Amino acid sequence: MTAPRPGPAEVTMNGLNELVKALAAEHAAVYAYGLVCARTSGGLRTEAIAAFNAHRARRDQLRGLILARGGTPPEALPSYAVPFTPGTSAEAARLAAMVEDGVTSAYLELAAAGEPSMRRLAALAMQESVTRSYGFRPAIAALPGFPAPSTARTPAPAPPATPRPSRSGQ
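Written out as structure tokens, the structure reads:
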């Protein structure tokens, strides 16, 4: 007799698929921060190096978790597509913020894992990524999956009309 194959909900209960997705995002982040670090200097470079090291540490942690669950962690690709190659410090900071947004999105799926320790890992990773993103681009973006706030200001609605007392006898 063969054991029944697990359904899609059961496969994700241990968070293995989500861990693999998060690991792929961390591999891409490590690659992108190589570009970011090469185009920055001073305090911005110090922040970029700290982010690079944080992503390396998180990558190594995810590899260990995948192995502990009997999975095979994917290796890093030789290169990753980036939306643009930074030529200035400002562009490097913009790329770093975009990388952090992508990492935050990758951990969002892990936050729905059945295991509380996986949800905690995801929440902490997202908090760290959002904090780093804010350091490179001090603006509050919409949460992943939610629409971005409108930049156009809409006029305030007119106050409701109040009934005027009737003037009887005039």
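Letter 17 of the sequence shown, counting from 1, is numbered 16 in numbering that gives the first Met the number 0, and no numbers are missing. Glycine included, every Cβ here is placed at the ideal spot set by N, Cα and C. Remember, predicted model here, so these are calculated numbers, not experimental data.
The Cβ atoms of Pro73 and Leu22 lie closer than 8 Å to each other. Secondary structure of Val102 (DSSP, three-state): helix.
Rounded to the nearest whole angstrom, the CA to CA distance from Ala110 to Ser132 is 19 Å. Distances from the alpha-carbon of Arg68 to those of Glu114, Glu127, Ala147 put Glu114 closest. Straight across, the Cα-Cα distance linking Ser116 with Ala105 is about 17 Å.
Ranked by Cα distance from Pro85, the first of Ala24, Ala124, Cys36, Ile139 is Cys36. Separation of Asp59 and Ala27 (C-alpha to C-alpha, rounded to the nearest whole angstrom) is 13 Å.
In this structure, the straight-line span from the alpha carbon of Leu107 to that of Ala121 is close to 7 Å.
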